[in-house]
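Participant:
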Amino acid sequence: MGMGFFSYDARKFFLFGMRFFFGLWLLYVGFTKWIFMGSDAFVGMIAGEFDKTWSPHALNVLLAWLIIVAEPVLALLILSGKKARVAWTLTALLMFLLTLGQTILMKPDVIANWQFLVLTLVCAALSD
């Protein structure tokens, strides 16, 4: 990794830091669902929560699978540094999906999802 990142301009330094920190965090978040919960338990939990709303069961299951697959895949894409604009844009879309989900569930912690959405959209905008 070297220490050359200390000489990066502000934009490049920010994107490097976000790629490293957000990528590792998202990888952890994604893999813990697979390792500690298991895919069936996670999908069941998400579908169960959203089945109490107007959202149809089939859509709830599909979106739960999208989340559990997208998190580690997007994390690896972010960490790779390849196609940065695409990786960050897709991650911003995932964050919007999570924000919309928290809104549908009327959870007050939706504000955290908005912060992640803004952060990932800034990374997408600053990426070449």
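Per the numbering used here, the sequence shown starts with residue 1, numbered consecutively. C-beta: ideal position from N, C-alpha, C; glycine also.
Just to confirm, is the Cβ distance from Ala75 to Leu27 under 7 Å?
Facilitator: In this structure, Ala75 sits near Leu27, with a CB-CB distance shorter than 7 Å.
Participant: On the three-state DSSP scale, how would you describe Thr103?
Facilitator: helix
Participant: Count the CB pairs spanning the stretch 117 to 127 and the stretch 83 to 98 that are closer than 8 Å, and state whether there are at least three.
Facilitator: yes
Participant: Would you kindly report the start and end of the unbroken alpha helix (DSSP H) that includes Met18?
Facilitator: Where Met18 is concerned, the enclosing alpha helix (DSSP H) stretches over Ala10 to Thr32.
Participant: Report the rounded CA-to-CA distance for Gly4 versus Phe21, giving the unit in angstroms.
Facilitator: 17 Å
Participant: Quick one: what does DSSP say Met37 is sitting in, helix, strand or coil?
Facilitator: helix
Participant: Of all the options Ile46, Trp114 and Val61, which has the alpha carbon lying nearest to the alpha carbon of Ala92?
Facilitator: Trp114
Participant: Once DSSP output is grouped into helix, strand and coil, what is the label at Pro72?
Facilitator: helix
Participant: Is the beta carbon of Leu117 sitting closer than 7 Å to the one on Phe96?
Facilitator: yes
Participant: By Cβ distance, which residues of its chain are closer than 6 Å to Leu94, with the 5 residues on each side in sequence left out?
Facilitator: Ala70
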